[in-house]
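full-length UniProt numbering applies: residue 1 is where the sequence shown begins, and numbers increase by one.
Cβ atoms here follow ideal geometry from the backbone N, Cα and C, with glycine treated the same way.
Accompanying notes for the structure given below.
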Amino acid sequence: MAAMLAHEIKNPLSGIRGAAQLIEPGLSPADRSLAQLLSGYQFLRQLDSYDVSNISGQMGSPVWQGQLDIASDLNKEVTTSFPVDQALPQRKPGVYVLTAQAVDGHGDDSNSIATQWFVVSDIGLSTYTGQDGLNVFARSLGSAKPIAGAELTLLAKNNEILGTATSDAEGHAIFNPGLTRGEGGMVPAVLMAKQGDNDFVFLDMGRAGFDLSDRGVTGRPAPGALDVYAWTERGIYRAGEEVHVAALARDGSAKAVENLPLTFIFSRPDGVEDRRIVSDGTSAGGHAVDLALQPNAMRGTWTVAIHTDRSAGAGRAGLAGMAGAWPGRRRADLRQIRARRLQQS
């Protein structure tokens, strides 16, 4: 969005001297056509005269029209703020679009005109998706305090209401994870928030989220319903030795998962499966298996994949690695040196 401020939105108009028109597309908190507007080509883009007529006649109505004088300065760009509070002292919550063009302009109707989309609201929305679902946080843009009692509505692309929720005292609300797994027209498109009858804002769910990969967010992925941590007692072995592999099975709360059989699938360096060993894990979710390497075992890096099912297509619960490379050998020759006996003087 262009801007979402608590009181006055200062939309700069640059380089024109003429008339301005403020249109309310009619997208109120109860209007589900917002999803269609967001998915259309017109939203957040520069409009032409045909687009303005279409929005005014089908989706909304003009709420203000007048002239705005802009001081001119030779060879310089002049920026002028549009006073929304003065033009609309009693505005309704919703989406607005401001267009401006020269008074004496006679351009083609297909040419783009100066356009500014905006929403006037004190509600700031932030979301993140986890295993527990879609988490929504509502805060005041003016004070940064949590907003309690905000009515939240999640809309799909086909205008279906996927779910509703109300923010708690911490400004937090959650939608079930199944609501975000839709396909086609049931994909979440818009998250709308309403507080009372005078404050409304929305969040476009189709836009990309923040990319925090450059902020050092590395590490292990978040564990799911089952998390397996596996290791070996050392990292290099000789052919004919025995490899000891241990593993711990834990749930999403890091509690031990007992009596859960795990299948350890060992693979050679060429990717061919060598053997499978099943562990029952009856002791506090702990597992310990031994792999006896053959005297002619293939050199290279061996891997072990741990599955929750004996079938080959079972979901992988964890992964551990072990090395099977032979250490370098050196040849040493020992020779006896004959020394002369020193005579005492």
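For a test of the three-state rule: what should DSSP assign to VAL103, helix, strand or coil? coil
Using three-state DSSP, classify VAL257 as helix, strand or coil. coil
Taking the alpha-carbon of LEU98 as reference, which of PRO89, GLN90, VAL84 and LYS92 has the nearest alpha-carbon? VAL84
contact_flag[the region 184–199, the region 154–163] where n(CB pairs < 8 Å) is 3 or more: yes
Roughly how many angstroms separate the alpha carbons of TYR128 and GLN195, rounded to a whole number? 21 Å
Residues near ARG268 in its chain [Cβ-Cβ closer than 7 Å; skip 5 each side]: ASP274, MET298 and TRP302
Can you tell me where the beta strand (DSSP E) with ASP122 in it begins and where it stops? Taken as a continuous stretch (DSSP letters only), ASP122 belongs to no beta strand (DSSP E), as it is neither H nor E.
Just how far apart, CA to CA, sit ASN176 and ASN135? 9 Å
Taking its Cβ as the centre, do 16 or more other Cβ atoms sit within 10 Å of PHE210, making it buried, or is it exposed? exposed
Could you tell me which residues DSSP pairs with ALA165 in its beta bridges? LEU152
The region 65–80 in contact with the region 89–96 per 3-pair CB rule at 8 Å: no
Determine whether the beta carbon atoms of GLN46 and VAL103 lie at a separation below 8 Å. no
Put ARG331 into one of helix, strand or coil per three-state DSSP. coil
For the region 217–228 against the region 137–155, are there 3 or more C-beta pairs whose distance is under 8 Å? no
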